[in-house]
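These protein sequence lines are chains A and B, in that order.
Counted the way the working numbering counts, the first sequence spans residues -6 to 108.
Counted the way the working numbering counts, the second sequence spans residues -9 to 107.
We put the CB at the ideal spot given by N, CA and C, even for glycine.
To start, the structure itself, in structure tokens.
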Amino acid sequence: GDSVTQMEGPVTLSEEAFLTINCTYTATGYPSLFWYVQYPGEGLQLLLKATKADDKGSNKGFEATYRKETTSFHLEKGSVQVSDSAVYFCALIYKILGGSEKLVFGKGTKLTVNP
Amino acid sequence: GAVVSQHPSWVICKSGTSVKIECRSLDFQATTMFWYRQFPKQSLMLMATSNEGSKATYEQGVEKDKFLINHASLTLSTLTVTSAHPEDSSFYICSARGVFWSYNEQFFGPGTRLTVL
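What follows is the structure in structure tokens.
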């Protein structure tokens, strides 16, 4: 079945550093791709999404581009802040037989940003 | 955004007992709720999908008699882990979706940490 692989953490950066969290996927067809973020003590929140090749999702300074040729959806931010400390999940939606859909998540990458 | 709560946030129980976890949508009507399970350093895995007023649909490999799901109202779904054993220790997360929302518009609860001794 479809799957998502993201870089293992934890990732520790200093404030204002550049962030990249790699995510690649395996899918039949063309899934929609997502990044979710989970702040401490809170539920997962949708950070950004892209629904077709070459789309760029962006939100709160984070960006990710849907690259069909490399089956990737890497998350980037030019200058991280302490408040970005969280766990980030890459995910995709694919359609299964019968037309229903399923969210598939990567394992999550914990980011810690130090002042 | 919409808010989903879970209760309790953590629970410790003895082997053989049953544990109930509640998932509530606080400011919207959730026609569909999802239950996920997450082991340490693993992905969230969908356990089951429940639609209000009907029986839950379980994913392959999930024991429906062990993980009882009830979605009796548009704002509440419960997951009961029956006769819990140490291997059921995990992080359980629910999410909820309103009517006419697209599939990715799920709002997630903060999760419940279950430890079975």
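Against chain A, the beta carbon of residue 31 of chain B has neighbours under 7 Å at 100, listed in chain order. DSSP places residue 103 of chain B in the uninterrupted beta strand (DSSP E) bounded by 102 to 106. By alpha-carbon distance to residue 85 of chain B, the top candidate from B:7, B:105, B:64 and B:6 is B:64.
For residue 76 of chain B, none of the residues of chain A pass the 8 Å Cβ criterion, the least Cβ distance being about 22 Å. Under DSSP, the beta-bridge partners assigned to residue 58 of chain B are B:70. Counting every other CB atom within 10 Å of its CB across the protein chains shown gives residue 43 of chain A a total of 16 or more, marking it as buried. When 7 Å is used as the limit between beta carbons, residue 34 of chain A is near these residues of chain B: 100, in chain order. Shown here for residue 6 of chain A: same chain residues with a beta carbon closer than 8 Å to its own, the five before and five after excluded, namely 12, 73, 104, 105, 106 and 107 in chain order.
Any Cβ of chain B closer than 8 Å to the Cβ of residue 95 of chain A would place that residue at the interface, and such an atom is present.
For residue -6 of chain B, the chain A residues whose Cβ falls inside 7 Å of its Cβ are 36, in order along the chain. In the same chain as residue 38 of chain A, and ignoring 5 residues on each side of it, the C-beta atoms closer than 6 Å to its own belong to 30, in chain order.
Contacts with chain A at 8 Å (Cβ-Cβ) do not include residue 81 of chain B. Of all residues in the stretch 36 to 70 of chain B, those with a C-beta nearer than 7 Å to a C-beta of chain A are 36, reading in chain order. Secondary structure of residue 89 of chain B (DSSP, three-state): coil.
When DSSP states are grouped into helix, strand and coil, residue 44 of chain B belongs to the coil group. Residue contact with chain A for residue 34 of chain B: present (Cβ-Cβ distance below 8 Å to some residue of chain A). Straight through space, the alpha carbons of residue 67 of chain A and residue -6 of chain B are spaced by roughly 28 Å.
Of the candidates B:78, B:-3, B:98 and B:62, B:62 places its Cα closest to the Cα of residue 45 of chain B. With contacts defined by Cβ atoms closer than 8 Å, residue 11 of chain B and residue 82 of chain B form a contacting pair. Between residue 33 of chain B and residue 98 of chain A, the C-beta gap is smaller than 8 Å, which places the two residues in contact. In the structure shown, residue 8 of chain A adopts coil according to DSSP, grouped into three states. If you draw a 10 Å sphere on the C-beta of residue 34 of chain A, you find fewer than 16 other C-beta atoms in it, and that means exposed.
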